[in-house]
Amino acid sequence: MFGSLPMALTFARIGAIPLLVALFYLEGEHWRYLACALYTAAAVTDYLDGYFARAWKQQSKLGRIFDPIADKLLVASTILLLVAFKRVSGLDVLAALVILCREVLVSGLREFLAELRAKLPVSRLAKWKTGMQMTALGFLIVGDAQATAWVPVVLIGEVLLWIAAALTLITGYDYLAEGLKHIDEKPVTHGTRPASPPVPAETPPAKPRTRPASRASTT
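Counting in the working numbering, the sequence shown runs from -5 upward without gaps.
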């Protein structure tokens, strides 16, 4: 399972979640920076595992399954922790809620399309959304630490969170529209192939008509 570097990076992203949860419960501003560093390293692996898998041709079905799962677990856990520790509050909770609902929507669409053997490609706008979202959560993890009093860390995080939420609505609609295109298709059961259209029967070639031999006329 961990025989390749891309898979090791994917599972390392999942393994970082319990450590991130523990750091939130430790008091002291230096723990916030350590939590931010851990979260940033985990977020970077989201890019590295895909890059190495393509560069070294180590793409696998297991990787395609666990890579989006690891991303959603990391994002959902971080958002829940930020809300629980009041680092995301007020109307900003709505932006976080939009992001979480979109993650559930996309997961459901991917599961539905998997039964149809259809793919849901990741758009360029969705990649921008992910970048904004990851950056916003990193700023909000640090929060209002005194060492960053000269930098509006919280404001930057909140602005980026709302931008990510706006992009989430756009990409979520695009994914939903793409999924609805396959709503009338029947799922492909395991071990069966779609029926191929019938091949028309070939008609035998027509036999050449022979002309009767003419009799010689007598004079």
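Virtual Cβ for every residue (Gly too), placed ideally from N, Cα, C.
Distance from the CA atom of G132 to the CA atom of W156, rounded to whole angstroms, is 14 Å. Closest in C-alpha terms to I150, from the list R48, H24, R81 and V15, comes R81. Shown here, D138 sits in coil according to DSSP, grouped into three states, outside any helix or strand. The beta-carbon separation of A158 and M126, rounded to 4 Å, stays under the 8 Å limit for a contact.
Where P0 is concerned, the enclosing alpha helix (DSSP H) starts and stops at L(-1) to F18. Y33 is positioned such that its CB atom lies closer than 8 Å to that of L14.
Ranked by Cα distance from L91, the first of L75, G57 and R104 is L75. Distances from the alpha-carbon of P62 to those of A171, L161 and M1 put M1 closest. Fewer than three Cβ pairs drawn from the segment 101 to 110 and the segment 46 to 54 lie within less than 8 Å of each other, which leaves the two stretches out of contact.
The three-state secondary structure of L88, taken from DSSP, is helix.
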